[in-house]
Amino acid sequence: MTDTKKRSWAEPFKIKMVEPLRMISREQRAKALAEAGYNTFLLRSDDVYIDLLTDSGTNAMSDRQWAGLMLGDEAYAGSRNFYNLEAKVRQYYGYKHLVPTHQGRGAEHLISRVLIKPGDVIPGNMYFTTTRLHQELAGGTFVDVIIDEAHDTTSTHPFKGDVDLGKLAAVIESHGAVKIPYVSVAATVNMAGGQPISLANLRQVRDLARKHGIKVVLDATRAMENAYFIKRQEKGNERRTMADILLELCSCTDACTMSAKKDLLVNIGGFLAMNDDALFEEARNLVVVFEGLHTYGGLAGRDMEAMAIGIEEAIDEEHMKARIGQVEYVGQGLLDAGIPIVVPVGGHAIFLDARKFLPHLTQDEFPAQRLAAELYLESGIRSMERGIVSAGRNKETGKHNYPKLELVRLTFPRRVYTQAHCDVLVESVVEVFRRREKIGGLKMVYEPKYLRFFQARFEPL
Ligand SMILES: *Cc1c(COP(=O)(O)O)cnc(C)c1O
């Protein structure tokens, strides 16, 4: 980083198998967009050129992972692949016990059921959709205790995922420790834009929670990305390995939930891990009811093998450098062109600031929804809205929730696209920016009752 001469870097892999991409014509894209009601979730994948809808389960597996699939031991009980995965989770995450689940929300469901009683309060560093929903379904209430900077798109705080210790102490003070089963800590924070939590902050969270006998549960879905940020920008950690930092991150917590579809470079999988024997006993009993026997948890043996191999590949610093480097490459390209984006650029995605991009539109005209649609029309690139449509309606008044942020998320699957795709992406956004004044708003013509952003339909005003 202190180099004054520019030295290029490249992806630490070469390509052995390819999947052809097809770019349909602008007329066809316009037709596809109208048929999808201007909602990128309703597009067919075949009509998409570069798909940045999500990084969940969309990663490219390595030759070793594909070879691992052939080593699947599909025994109902005691699969060899389970023991391989258990050994890797112990080695890299450091928890004593492993309960595999089909994906992250399966683990969230189990831990919420075991630890949360009706009336409980769960403080955390910004909510995640499925995490919060499972906490609520178990009778709990989530309280956001992330630092204020996380809500500010222009704050360049290096650890926007940090917990505000004053807010956390106030929640403990006002509800009492008996009402707080655990503090829910995410690393990196997805909804804040992939922003990391610092090790110093997590240590303080642990100390405060311990003092009151409260557990800490980590959402480890993106913890390896977080470890990379700590190594790079938290003083005193520059010389440590990512593996060493990951172990310390986890050691500050009592348990973790994991969606392996992110960090771990697979297409499906997840787990719950913990140190406490009694907690393990209960979770191991419940997993049989909801996921499958405790040595497969809803996964095939081969899926567990691919995850076990994915752990070792993801903890490799060259991999992570390229993964986060790719997101930062696009972020820099957009910043250089004067495009308004959320800074600092996070681990997994770039967020376009639709309010600043289309300042002539009111929030009722769905600027982020329109911008995502417009980017698809321009170049076949698929992104998603994170604004008023995603925020839904107020339960009491029935009115739209008006979130502060009106964003379009460009999310990067791991090892899938090359730097040339990134250049096409930057050029496409710049092209839409150039003709932004001619872009009008949308009206919603169909609105489903739940999670409307998935299926709502729109028409141009
Ligand atoms: C994706 C995700 C989850 C949920 O995991 P699924 O595998 O989609 O069920 C939980 N937390 C974070 C931070 C995530 O990114």
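Quick note on numbering: our numbering labels position 155 of the sequence shown as 155, and the sequence is numbered without any gaps. Even for Gly, the Cβ is constructed at its ideal location relative to N, Cα and C.
With which residues is M258 paired in a DSSP beta bridge?
Along the sequence shown, read from residue 1 onward, the residue named residue 258 stands at position 258. Bridge partners of M258: F271.
Smallest Cα separation from L133: which of Q326, K356 and Y450?
For the purposes of this step, residue 133 is taken as residue 133 along the sequence shown, with counting starting at 1. Between L133 and the set Q326, K356 and Y450, the nearest pair of CA atoms involves Y450.
L168 by DSSP, collapsed to three states: which one?
Translated into positions along the sequence shown, residue 168 becomes position 168. Reduced to three states, the DSSP call for L168 is helix.
State the DSSP-derived secondary structure class of I439, mapped to helix, strand or coil.
Taking the sequence shown and counting its residues from 1, one reaches residue 439 at position 439. Residue state, collapsed to three classes: coil.
Within this structure, are the beta carbons of M320 and E234 separated by less than 9 angstroms?
Here residue 320 is taken as the residue at index 320 of the sequence shown, counted from 1. Here residue 234 is taken as the residue at index 234 of the sequence shown, counted from 1. Judged by their CB atoms, M320 and E234 are not nearer to each other than the 9 angstroms cut-off.
Neighbourhood of S198 by C-beta distance below 7 angstroms, restricted to the same chain and skipping five residues each side:
Locating residue 198 in the sequence shown gives position 198, counting from the first residue. Excluding sequence neighbours, S198 sits near F159, D162, I230 and E234.
Length of the line joining the Cα atoms of A10 and Y329
Residue numbering aside, residue 10 sits at position 10 when the sequence shown is read from its first letter. Residue numbering aside, residue 329 sits at position 329 when the sequence shown is read from its first letter. The C-alpha of A10 lies about 11 angstroms from the C-alpha of Y329.
Beta-carbon proximity check, G68 vs R302, cutoff 9 angstroms:
Mapped onto the sequence shown, residue 68 falls at position 68. Mapped onto the sequence shown, residue 302 falls at position 302. The answer is yes: Cβ separation under 9 angstroms.
To which residues of the same chain is V345 closer than 7 angstroms at the C-beta, ignoring the five residues directly before and after it?
Against the sequence shown, residue 345 aligns to sequence position 345. Around V345: V327, E328 and G331.
Quick check: the segment 206-216 against the segment 175-183, are at least 3 beta-carbon pairs closer than 8 angstroms?
Yes, the segment 175-183 touches the segment 206-216.
In terms of DSSP beta bridges, what is R386 paired with?
In the sequence shown, the residue the question calls residue 386 occupies position 386. DSSP lists L407 as partners of R386.
Buried versus exposed, by CB contacts within 10 Å (16 or more), V262:
Locating residue 262 in the sequence shown gives position 262, counting from the first residue. Residue 262 is actually Lys in this sequence, not Val. Buried, since its Cβ has 16 or more Cβ neighbours within 10 Å.
Alpha-carbon spacing of H294 relative to E35, whole angstroms:
By one-based count along the sequence shown, residue 294 stands at place 294. By one-based count along the sequence shown, residue 35 stands at place 35. If you take the alpha carbons of H294 and E35, they lie about 44 angstroms apart.
Can you tell me whether T154 is helix, strand or coil according to DSSP?
Residue 154 sits at position 154 when you count from the first residue of the sequence shown. In the three-state reduction of the DSSP assignment, T154 falls in the coil class.
Do you know whose CA, among A75, P403 and M274, lies nearest L115's CA?
To locate residue 115, count along the sequence shown from 1; it is residue 115. Each of A75, P403 and M274 was checked against the Cα of L115, and the nearest Cα belongs to M274.
Is K235 near ligand 1, going by C-beta to nearest heavy atom under 8 angstroms?
On the sequence shown, residue 235 is found 235 positions in, with the first residue counted as 1. Not so, every heavy atom of ligand 1 lies at least 8 angstroms from the Cβ.
Please list, in chain order, all residues of the same chain as R323 whose beta carbon is under 6 angstroms from its beta carbon, the five residues on each side excluded.
Position 323 of the sequence shown, counted from the start, is the residue given in the question as residue 323. Result list for R323: R414, in chain order.
Boundaries (first-last residue) of the beta strand (DSSP E) holding E459
Within the sequence shown, the letter at position 459 stands for residue 459. Where E459 is concerned, the enclosing beta strand (DSSP E) stretches over R457 to P460.
For L272 versus L110, is the C-beta spacing smaller than 9 angstroms?
As a position in the sequence shown, residue 272 is number 272, starting the count at 1. As a position in the sequence shown, residue 110 is number 110, starting the count at 1. In this structure, L110 lies closer than 9 angstroms to L272 by Cβ.
N190 beta carbon near ligand 1 (any heavy atom closer than 8 angstroms):
As a position in the sequence shown, residue 190 is number 190, starting the count at 1. Relative to ligand 1, the nearest heavy atom lies less than 8 angstroms away from the CB of N190.
For A30, count the other beta carbons within 10 Å of its own beta carbon; 16 or more makes it buried, fewer makes it exposed. Which is it?
As a working note, residue 30 is residue 30 in the sequence shown. Its Cβ having fewer than 16 others within 10 Å, A30 is exposed.
Taking the runs of the alpha helix (DSSP H) that are 4 residues or longer, which of them lie wholly in the segment 74-151?
The DSSP assignment places complete alpha helix (DSSP H) segments of no fewer than 4 residues inside the segment 74-151 at 80-92, 104-115 and 129-137, in order along the chain.
Can we count S56 as close to ligand 1, meaning its CB is less than 8 angstroms from some heavy atom?
As a position in the sequence shown, residue 56 is number 56, starting the count at 1. Flag set: Cβ of S56 near ligand 1.
Does ligand 1 have even one heavy atom less than 8 angstroms from the beta-carbon of S390?
For the purposes of this step, residue 390 is taken as residue 390 along the sequence shown, with counting starting at 1. The closest heavy atom of ligand 1 lies 8 angstroms or more from the beta carbon of S390.
Does the contact criterion of 3 or more C-beta pairs under 8 angstroms hold for the segment 375-394 versus the segment 403-414?
Output reads yes: the segment 403-414 touches the segment 375-394.
How do the segment 97-107 and the segment 252-267 stand: do at least 3 beta-carbon pairs fall below 8 angstroms, yes or no?
Between the segment 97-107 and the segment 252-267 there are three or more inter-stretch CB-CB distances shorter than 8 angstroms, so the stretches are counted as touching.
Who are the near neighbours of L286 in its chain, counting only those whose CB is closer than 8 angstroms to its CB and skipping five residues on each side?
Residue 286 sits at position 286 when you count from the first residue of the sequence shown. Listed in chain order, the non-local C-beta contacts of L286 below 8 angstroms within the same chain comprise L110, R113 and V114, local neighbours out to five positions each way being set aside.
Helix, strand or coil for L358 per DSSP?
Start at 1 with the first residue of the sequence shown, and residue 358 comes out as number 358. Coil.
Test item: CB-CB of L264 and A314 under 9 angstroms
Numbered from its first residue, the sequence shown carries residue 264 at position 264. Numbered from its first residue, the sequence shown carries residue 314 at position 314. Taking 9 angstroms as the cut-off, the beta carbon of L264 is found closer than this to the beta carbon of A314.
Report all residues from its chain with a CB closer than 7 angstroms to the CB of E86; omit the five preceding and five following residues, and keep chain order.
Sequence index remark: in the sequence shown, residue 86 carries index 86 (1-based). Taken in chain order, the residues that qualify are L98.
Does Y376 come out as helix, strand or coil in the three-state DSSP assignment?
For the purposes of this step, residue 376 is taken as residue 376 along the sequence shown, with counting starting at 1. In this structure, Y376 counts as helix in the three-state DSSP scheme.
Would you say the beta carbon of I382 comes nearer than 8 angstroms to a heavy atom of ligand 1?
Looking up residue 382 in the sequence shown gives position 382. A small fix is needed here, since residue 382 is Arg in this sequence, not Ile. No, since every heavy atom of ligand 1 falls outside the 8 angstroms radius drawn around the Cβ of R382.
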